[in-house]
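Report on the structure given below.
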Amino acid sequence: MASSPFTSRPLIKLIYLFIILATFTVTFAQEVEKKKKTRFQFFRTFISNLQNGDNRMFEAIVRPMEFRQPIVSIPAEGRYGIGFYGWKSYNPYNFDPTFITYADTTEDIFQNIALSGRIGSNMEFDAVQTNLSYLFFKKSYFDIFAGVGVRRAAVLNIPSIDFSESTILSGPPSVPSSWGVTKTFTPTFMEVNLTTTMIMQWRPKWFVQFRYGYGVGKVQFYRGDSLEDEPSGTGATSMYGIGIKFIRESDTAARYAWGFELRHYYAKVDNISDPQEVTPITGMQLPQVGIYFSFGAFYGGGKTIGDEAKGYYLDSDYVTAKRKFNQFIDQHPRHARVRRAEKLIEICNIRIPEQLYAEGKRLEARDMLVEALDKYIEAERTAVEPFKKKLQMKIEMMAGFYIEIADSLFTLGQDDDALSYARRAAVISIKGKEFLRKLEARITIQHGKDLASRGVYSLALEKYSKALSMAPELRDEIRGLELRSAVGMLEDVNQAKDEAGLRLAVLSLYKAQEILGKKDEEFENVREQLEIQLLSLDKLRVDQLKESYANEARVDLAWRRMPKVEIGMLVSEVSDILGEPEEIIEKEDEKGLNYQLWVYHFPERGEAYFSFEDYVLFKIEEK
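The working numbering runs 1 ahead of the 1-based position in the sequence shown.
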């Protein structure tokens, strides 16, 4: 068997192997690059969704009340809590004796204090907490408050309980007998502090609260038969707290919140007042952890129409979202999230055409074509390329549909309905405008045909002329119809008495000859007959005018030759010249003077009025 060149020649084998490896390497590299691009595109899409507010989970967790009203003030807030002090490491049961410092000569100290002896109650009251950002700038990116407060903390005097030789509760410890006093160690603290509170509200019904406070206070060390002021100490305090509060609505502007708070408290007492030298304690550091119940009133923190708009935005109803975002900006022009609202409005403007297009498709599927077209037109007004072109193609398609309907209705003789659909197409399409123009010309032509069929050729020619001005491209058809109407007028030429109609017929014959492109003997003869008839009418009119002018001249001459009536004539003299008047109006005044008004009607000159006083003419008026 002959060996293959691929198996017999090592060089060819090597080349073949190299090609395989190169192809594999290139393919592998392409796949890696493709995966990198996919991951990068996914990352870009994820970031874009976060920026645009499209990630529903993120928005629900991080920004559920993005456009809420800021909490502007917390006028009053009270707390009551239970805590313990003096723990060692992370075990609250173990007592750390180093939190108290003593004089060097002291032998007996508090080596251990049970947990029951380190439990205390705490009462606080904060007032006039104000959102400083909102106070000074009328906007708040974060609800951060400053206020003042008072606090009282006291160790609970829990009684000792022993059972079966075992101590269940020991209560506050007694002072070592070597100190020379009979008292219990129950530190009681009174302080005044400045507080800073930050509120993060994610939900309409609750918010998270972070608090920090710094203050000064006075501590009393012991409790005996009476609560003495001495010995005591003063020092600085600080606290950190985090809590959750639940909102309770009310019928007033104020709202109420209650909740719980986990607190770390620290007091450093380094200024001891002990005039009677009853204690060896020279200082204390009191760390405390407790849980508090709180209740307070506040203003603000409610949802706005911006949050409502955000809901529509996440539901992809961008039309409603845009409208409500604009309302939000109008109602809260200084809100910290106005720029965010404007950003979302810009996104809505981009997405609204797509929403309207989708709505139009749904309406079109239900055969609600008019409503669907309205959606497409509205979307096209604000769309950008390339989506705008897609909408324009859709609208043109809808216009073609209207054109087909209009053409069918015109064929059935339903002109008004045909025009209605054609006008719809003309509003949305250049093609529709052209069709409407031609349709109006065709309807006008049809009206001319109807008139011609009834023998009203002059009006038919007017319709044809109007149609030609509307659609010059129908010239051949219209001129042919004009020719036919002119021929129809020939049959009535002997009876024709309407000069305008005759002139229109002559003009139409000239136009018909233009269409024919050559002289036609029949049309020449008819046109000449019509022109002769027009000349006869013209001559008759001239003769009539001449006769009229002659009559007027004769009347004027007779009038000028007539004896002239003058002021001062008697009634008898006027009567001799003009004859008896058509009307006499006569009266006498209170002095017995006679007044008369003679009215004459002259067909050629109009009316004349002659006024007499005591039978003497004193005024002449003509109309």
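Positions of the beta carbon are idealized from the N, C-alpha and C atoms, including for glycine.
Buried or exposed by the 16-neighbour rule on C-beta atoms within 10 Å, applied to residue i
i    : result
I330 : buried
F611 : buried
E483 : buried
T280 : buried
G569 : exposed
M58  : exposed
A461 : buried
N95  : exposed
V176 : buried
D590 : exposed
I429 : buried
I13  : exposed
D451 : exposed
A254 : exposed
R363 : exposed
K323 : buried
Residue span of the alpha helix (DSSP H) that contains residue i, given as start and end
i    : result
H448 : 431-454
G593 : Taken as a continuous stretch (DSSP letters only), G593 belongs to no alpha helix (DSSP H), as it is neither H nor E.
R382 : 370-383
G633 : The chain is shown only over 2 to 624; residue 633 falls outside these bounds and no answer can be derived.
F111 : That residue, F111, is in no alpha helix (DSSP H); it is neither H nor E in DSSP.
I306 : 306-315
S470 : 458-471
M58  : 57-63
Q332 : 319-332
Q356 : 339-366
Cβ distance (whole Å) where residue i is taken to contact residue j below 8 Å
i    : j    : result
K256 : E250 : The question names Lys, but residue 256 in the sequence shown is Arg. With 8 Å as the limit, R256 and E250 qualify as a contact, their Cβ atoms being about 6 Å apart.
G260 : K246 : 3 Å
F294 : R80  : 7 Å
E347 : K325 : With a Cβ gap of about 15 Å, E347 and K325 do not count as contacting.
E381 : I404 : No, E381 and I404 are not in contact; Cβ-Cβ is about 18 Å, not under 8 Å.
K376 : L357 : 5 Å
Y319 : I292 : In fact, because the Cβ distance is near 46 Å, the residues do not count as touching under 8 Å.
V220 : T189 : 7 Å
I72  : D144 : 5 Å
Range of the contiguous beta strand (DSSP E) that encloses residue i
i    : result
Q286 : 282-301
M199 : 185-204
D144 : 144-156
R212 : 207-224
F96  : 92-96
P76  : 72-86
D105 : It is not in any beta strand (DSSP E) - D105 carries neither H nor E in the DSSP assignment.
F619 : 617-623
I578 : It is not in any beta strand (DSSP E) - I578 instead sits in the alpha helix (DSSP H) that spans 572-579.
D127 : 120-132
S612 : 607-614
R249 : 233-249
Within-7 Å CB hit, residue i to chain C
i    : result
R338 : The structure shown has no chain C; it contains just one protein chain.
Closest Cα partner of residue i within the set the options
i    : options                : result
Q332 : F619, E587, R69, V63   : R69
D252 : Y300, R335, F294       : Y300
T198 : N327, G216, T131       : T131
S90  : P288, E529, E623       : P288
A298 : P582, I120, K588, V129 : V129
A61  : L315, F619, F402, K464 : L315
I83  : I120, V339, T185, D577 : I120
F613 : H602, G607, V566       : V566
Q393 : D418, I431, E372, M191 : I431
R204 : P387, S239, G303, E372 : G303
V1   : V575, E623, K624, A609 : Residue numbering for the chain in the displayed model covers 2 to 624; residue 1 lies beyond these limits and cannot be assessed.
Y596 : G489, K620, K390, K467 : K620
I586 : Y142, V600, S573, E379 : V600
Query raised in the report: Along the chain, which unbroken stretches of the alpha helix (DSSP H) at least 4 residues long are found entirely within the segment 404-433?
Result: Taking only runs of at least 4 residues, the alpha helix (DSSP H) segments lying wholly in the segment 404-433 are 416-429.
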